[in-house]
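Asks: One structure is given below, represented as structure tokens, and several questions about it will come after.
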Amino acid sequence: MIRVDGDVRRINLPPLEHNEVHGLIYEIMNDKQRKDFEEFLETDFSFEVPGVARFRVNAFNQNRGAGAVFRTIPSKVLTMEDLGMGQVFKDVSMVPRGLVLVTGPTGSGKSTTLAAMIDYINDNRYDHILTIEDPIEFVHESKKCLLNQREVHRDTHGFNEALRSALREDPDIILVGELRDLETIRLALTAAETGHLVFGTLHTTSAAKTIDRIIDVFPAEEKDMVRSMLSESLNAVVSQTLLKKVNGGRVAAHEIMIGTPAIRNLVREGKVAQMYSAIQTSAGVGMQTLDQCMEFDKLLKLMVEKGASDLFITAGKPPMVKVNGKLYAAGKSSLSPEQSKELVYGVMNPEQQATFDKEHECNFAINTRGLGRFRVSSFFQRNLVGMVLRRIEVNIPRVSDLGLPPIIEDLAMTKRGLIIFVGATGTGKSTSLASMIGHRNENSSGHIISIEDPIEFVHQHKGCIVTQREVGVDTDSFEIALKNTLRQAPDVIMIGEVRSRETMEHALTFAETGHLCLCTLHANNANQALDRIIHFFPSDRHSQIWMDLSLNLKAMVAQQLVTTVDGQGRRAAIEILINTPLMADHIRKGEVHLLKELMTNSTQQGMQTFDQALYKLYAEGEITYDSAIASADSPNDLRLMIKLGADSKSNPMEGVDHLSIEADEDEAAFSFRR
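Just add 830 to the spot in the sequence shown (first one is 1) and you have my numbering.
Below is the structure:
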């Protein structure tokens, strides 16, 4: 059996007989290890397969015979940066003396954490480091420090013997692989009190249990003295466990207790029960409880329960969620820089961490079992780490479910041309595009290819074959993916975002060559979108681009989200430009300033402006007057439309032939009569 990311899995090999297991174990032992195994019926040692890996081995006897557990030892010492460890770990490593304990269950990564701390000291201090381990897991080379590593049973008889001898070897820093017994703990406390920096591990799951465990091993008459010694020498207790990451692998979650005066007082007075609340309220000095560290899953659950669209993680503020366009705090305590960094690194795989460290930003998507899919944008700001997560709906919405105009379904079934969705970030462009692809997938056959960064909606094969490629995972960039797209026999091509001239050229080429190309662009309305497209290109190409757009543009859909009357949701206001012959003529001539008027007067062809869409939503009681005016392209036009009615805006001369002009004898003025 093997363990992968915490789960035990069966491998496809036949069971071993007792004598085969016994022979296998004996073959990798030396004489001393065999003797210990025969005498004590169990033993620990390290074993190396050259060119493959080193292993920590625990051999034992059980009712079915001999057995062994092999644990892989990483080939290199991981740094604090590799592990996403915060500044507090560096600070603890640089204190001149005292006791630092790393605790947790077997297999929780205590040795890896300690190795990273020793490596940091080795890079930044000029000291003598002595480690006593059983067995040696990470082999350190002396850098700025002189580093000696001793293995129990090979270089010394036991931890307490080695530790007693170590105090005569003039070390500055002592690492004790495991504080197993009273004598070893007593010697470690003595070393910490006499000017050494001592690191050690214990099999406990919290800071409070660690203090209890240390005190409990001493006889009753010594407990008060030990509490006093511990209160004076304790620098930190780090309790850790490994959690499954949302995108595979595992990450360490830490409870961190720092030996502040308040904590030392609690230790001295034996008030262990009060430690949890003391840690919980001391984030400002780097402390955190395991619950606070594990809050991320709770935050994702909160997003789903409250229907939040975004989650914001940044140092100096509590986690914030956006619900219906408004920000709400998702906790009372502000995140420390270490906590925000731990949350950000905790959702990344090693490749994403490497990219983030190099480029200081990284975009990707994560899947969480039972909660759904989230798009992540991580970044640095003021030299601190932050991220924004956007919740991605798992179910592909229908056009009608989103309240989009029916013409969107007709556009989805178009054979060829270019359809561009525009809008600001977070206005639902990707959702609308997903509904179009879903409609096409259900109602036609063909090959749909999407290139996205990242994939937001996962489409199943229905009437169509749907190929979805993610930038950074399946391809290096939009441009590289698009160069090869035409060789993949697509009928529909969806480009997640047009960011460059090259991508825009590909989109126009796809439309010219008989494909339906769907894409998104960051602009506020159709007019701005056309201006942005034209400015991708040098001025000497503008005439040609206007011509290409007039021939190949099928439609442009701009959208924004407006809060509903009850404040509990948002509705999409949609502007639609259809490339009719007259519209194409305006585009060919670059007469962008005339497009809005033509859209206003072409509702029978399915067009509408933002102001018309907002008027309709207001008239139907979906949004408030203030929201409509605030979202309008032309607030004055919308006010007039609301005052007079939509028909008067779309055709102000309607009904003129039923009017007559009569003189009013009393007022000596003209008035209109119907």
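Beta carbons: idealized from backbone N, C-alpha and C, even for Gly.
#1: Per DSSP, what kind of secondary structure is Asn888 in: helix, strand or coil?
#2: Who does Arg1514 pair with in a DSSP beta bridge?
#3: Under the three-state reduction of DSSP, which class applies to Asn1271: helix, strand or coil?
#4: Rounded to whole angstroms, what is the Cα-Cα separation between Leu1060 and Phe875?
#5: For Gln1442, count neighbouring C-beta atoms within 10 Å of its own C-beta (all shown protein chains included) and say buried if the count is 16 or more, exposed if not.
#6: Looking at Lys1473 and the ligand MG, is the gap between the Cβ and the nearest heavy atom below 7 Å?
#7: Could you tell me the distance, in whole angstroms, from the CA atom of Pro1482 to the CA atom of His1190?
#8: Would you call the region 853-863 and the region 959-967 touching, i.e. three or more CB-CB distances under 8 Å?
#9: If you compare alpha carbons, which of Val1296, Lys974, Arg1329 is closest to Pro1320?
#10: Got a sec, what are the start and stop residues for the alpha helix (DSSP H) Arg1057 sits in?
#11: Please report how far the alpha carbon of Met1334 lies from the alpha carbon of Glu1452, in whole angstroms.
#12: Thinking C-beta only, is Ala1108 closer than 8 Å to Ala1092?
#13: Report the CB separation of His1352 from Ala1254 in whole angstroms; it is logged as a contact under 8 Å.
#14: For the 8 Å Cβ check, are there 3 or more pairs between the region 1352-1368 and the region 1212-1225?
#15: For Glu1332 and Thr936, what's the separation of their Cα atoms in angstroms?
#16: Return helix, strand or coil for Ile1249, following the three-state DSSP convention.
#17: If you measure between the beta carbons of Arg1098 and Arg1057, is that distance less than 8 Å?
#18: Based on Cα-Cα distance, which residue from Gln1438, Leu1009, Val918, Ile1310 lies nearest to Met1386?
#19: Determine the direct distance from the alpha carbon of Gly1247 to that of Ala1311, and round the result to whole angstroms.
#20: Take Leu1173 and list the residues in its own chain whose beta-carbon comes closer than 6 Å to its own, dropping the five residues that flank it on each side.
#21: Suppose you measure from the CA of Leu1470 to the CA of Ser1464; what does that come to, to the nearest Å?
#22: Exposed or buried, what is Ile832 when buried is set at 16 or more other beta-carbons lying within 10 Å of its beta-carbon?
#23: Between which two residues does the beta strand (DSSP E) carrying Met1117 extend?
#24: When DSSP labels each residue in this structure, what does Asn1193 get in the three-state scheme?
#25: Quick one: what's Met1386 bridged to in DSSP?
#26: Please report how far the alpha carbon of Ser1208 lies from the alpha carbon of Asn1193, in whole angstroms.
#27: Using CA coordinates, which residue listed in Val918, Arg927, Val1067, Leu913 is at the minimum distance from Gly939?
#28: For Ser1063, which option in Tyr1445, Thr1024, Pro1049 has the closest C-alpha, if you only look at C-alpha atoms?
#29: Can you list, in chain order, the stretches of the alpha helix (DSSP H) that have 4 or more residues and sit fully within the region 962-1036?
#30: Can you have a look at Lys1188 and say buried or exposed, based on whether 16 or more other CB atoms are within 10 angstroms of its CB?
#31: Look up Ser1208 in the DSSP assignment and say whether it is helix, strand or coil.
#32: Can you list, in chain order, the residues of its chain whose CB lies under 7 Å from that of Ile1285, leaving out five sequence neighbours each side?
#33: Please list the terminal residues of the continuous alpha helix (DSSP H) segment that includes Thr1433.
#34: Apart from the five residues on each side of it in sequence, which residues of its chain come closer than 6 Å, Cβ to Cβ, to Thr1305?
#35: By Cβ distance, which residues of its chain are closer than 6 Å to Leu1165, with the 5 residues on each side in sequence left out?
#36: Leu993 and Ala1018 - do their beta-carbons sit closer together than 8 Å?
Replies: If we stick to the structure as given:
#1: Here residue 888 is taken as the residue at index 58 of the sequence shown, counted from 1. Of the three classes helix, strand and coil, the one that applies to Asn888 here is strand, per DSSP.
#2: Shown here, the chain extends from 831 to 1504; a query on residue 1514 therefore has no answer.
#3: By one-based count along the sequence shown, residue 1271 stands at place 441. In this structure, Asn1271 counts as helix in the three-state DSSP scheme.
#4: Indexing the sequence shown from 1 puts residue 1060 at position 230. Indexing the sequence shown from 1 puts residue 875 at position 45. Across the structure, Leu1060 and Phe875 are spaced so that their CA atoms are roughly 32 Å apart.
#5: Sequence index remark: in the sequence shown, residue 1442 carries index 612 (1-based). With 16 or more other CB atoms across the displayed protein chains lying within 10 angstroms of its CB, Gln1442 is buried.
#6: With respect to the ligand MG, the structure shown offers nothing to examine, as it has no ligands at all.
#7: The residue labelled residue 1482 in the question sits at position 652 within the sequence shown. The residue labelled residue 1190 in the question sits at position 360 within the sequence shown. Confidence is the limiting factor: at Pro1482 the pLDDT is only 43, short of 50, which leaves the residue's position unreliable, though a coordinate-based value still follows. Near 55 Å, if we compare the C-alpha coordinates of His1190 and Pro1482.
#8: Touching, no, given that fewer than three Cβ pairs across the two stretches are closer than 8 Å.
#9: For the purposes of this step, residue 1320 is taken as the residue at position 490 of the sequence shown. Among Val1296, Lys974, Arg1329, the Cα nearest to that of Pro1320 is on Val1296.
#10: By one-based count along the sequence shown, residue 1057 stands at place 227. From DSSP, the alpha helix (DSSP H) with Arg1057 extends over 1053-1063.
#11: The sequence position of residue 1334 within the sequence shown is 504, counting from 1. The sequence position of residue 1452 within the sequence shown is 622, counting from 1. In this structure, the CA atom of Met1334 is about 36 Å from the CA atom of Glu1452.
#12: Along the sequence shown, read from residue 1 onward, the residue named residue 1092 stands at position 262. Along the sequence shown, read from residue 1 onward, the residue named residue 1108 stands at position 278. In this structure, the beta-carbon distance from Ala1092 to Ala1108 falls below 8 Å.
#13: Here residue 1352 refers to the residue found at position 522 of the sequence shown. Here residue 1254 refers to the residue found at position 424 of the sequence shown. Sure, about 7 Å apart at Cβ, within 8 Å.
#14: Segments in contact, no.
#15: As a working note, residue 1332 is residue 502 in the sequence shown. As a working note, residue 936 is residue 106 in the sequence shown. It is roughly 53 Å from the alpha-carbon of Glu1332 to the alpha-carbon of Thr936.
#16: By one-based count along the sequence shown, residue 1249 stands at place 419. The answer is strand: DSSP assigns Ile1249 an E or B state.
#17: As a first step, residue 1098 is located in the sequence shown; it is residue number 268 there, counting from the start. As a first step, residue 1057 is located in the sequence shown; it is residue number 227 there, counting from the start. Taking C-beta atoms as the reference points, Arg1098 and Arg1057 count as a pair closer than 8 Å.
#18: Position 556 of the sequence shown holds residue 1386. Taking each of Gln1438, Leu1009, Val918, Ile1310 in turn and checking the Cα distance to Met1386, the smallest one comes out for Gln1438.
#19: Locating residue 1311 in the sequence shown gives position 481, counting from the first residue. Locating residue 1247 in the sequence shown gives position 417, counting from the first residue. C-alpha separation (whole angstroms): 20 Å.
#20: Position 343 of the sequence shown holds residue 1173. Annotation for Leu1173: Phe1126, Ile1143 place their beta carbon closer than 6 Å to its own, counting only its chain and skipping 5 residues before and after.
#21: To locate residue 1470, count along the sequence shown from 1; it is residue 640. To locate residue 1464, count along the sequence shown from 1; it is residue 634. Take the alpha-carbon of Leu1470 and the one of Ser1464: they are about 10 Å apart.
#22: Reading the sequence shown from its first residue, position 2 is the one you call residue 832. A residue is called buried once 16 or more other Cβ atoms fall within 10 Å of its Cβ, and Ile832, having fewer, is exposed.
#23: Taking the first residue of the sequence shown as 1, we reach residue 1117 at position 287. First-last for Met1117: undefined, no H or E at that position.
#24: Within the sequence shown, the letter at position 363 stands for residue 1193. In the structure shown, Asn1193 falls within a strand segment according to DSSP collapsed to helix, strand and coil.
#25: Locating residue 1386 in the sequence shown gives position 556, counting from the first residue. Note: Met1386 sits in a beta bridge opposite Ile1250, Leu1407.
#26: In the sequence shown, residue 1208 corresponds to position 378, counting from 1. In the sequence shown, residue 1193 corresponds to position 363, counting from 1. For Ser1208 and Asn1193, the distance between alpha carbons rounds to 6 Å.
#27: Here the question's residue 939 lines up with position 109 in the sequence shown. Answer by Cα proximity: Leu913.
#28: Translated into the one-based positions of the sequence shown, residue 1063 becomes position 233. Ranking the options by Cα distance to Ser1063, first place goes to Thr1024.
#29: The region 962-1036 contains these whole alpha helix (DSSP H) runs: 989-996, 1012-1023.
#30: Locating residue 1188 in the sequence shown gives position 358, where the first residue counts as 1. Lys1188 is classed as exposed because its beta carbon has fewer than 16 other beta carbons within 10 Å across all chains shown.
#31: Taking the sequence shown and counting its residues from 1, the one referred to as residue 1208 is at position 378. Ser1208: strand per DSSP, three-state reduction.
#32: The residue given as residue 1285 occupies position 455 in the sequence shown. Hits under 7 Å: Ala1195, Gln1298, Glu1300.
#33: For the purposes of this step, residue 1433 is taken as residue 603 along the sequence shown, with counting starting at 1. Unbroken run through Thr1433: none, as it is neither H nor E.
#34: Along the sequence shown, read from residue 1 onward, the residue named residue 1305 stands at position 475. Contacts found: Arg1299, Ala1311.
#35: For the purposes of this step, residue 1165 is identified with residue 335 of the sequence shown, where counting begins at 1. When the five nearest sequence neighbours on each side are left out, the beta carbons in the same chain lying within less than 6 Å of the beta carbon of Leu1165 are those of Ala1145, in order along the chain.
#36: Counting from one through the sequence shown, the residue named residue 1018 turns up at place 188. Counting from one through the sequence shown, the residue named residue 993 turns up at place 163. Yes; because the gap between Cβ atoms is below 8 Å, this pair is in contact.
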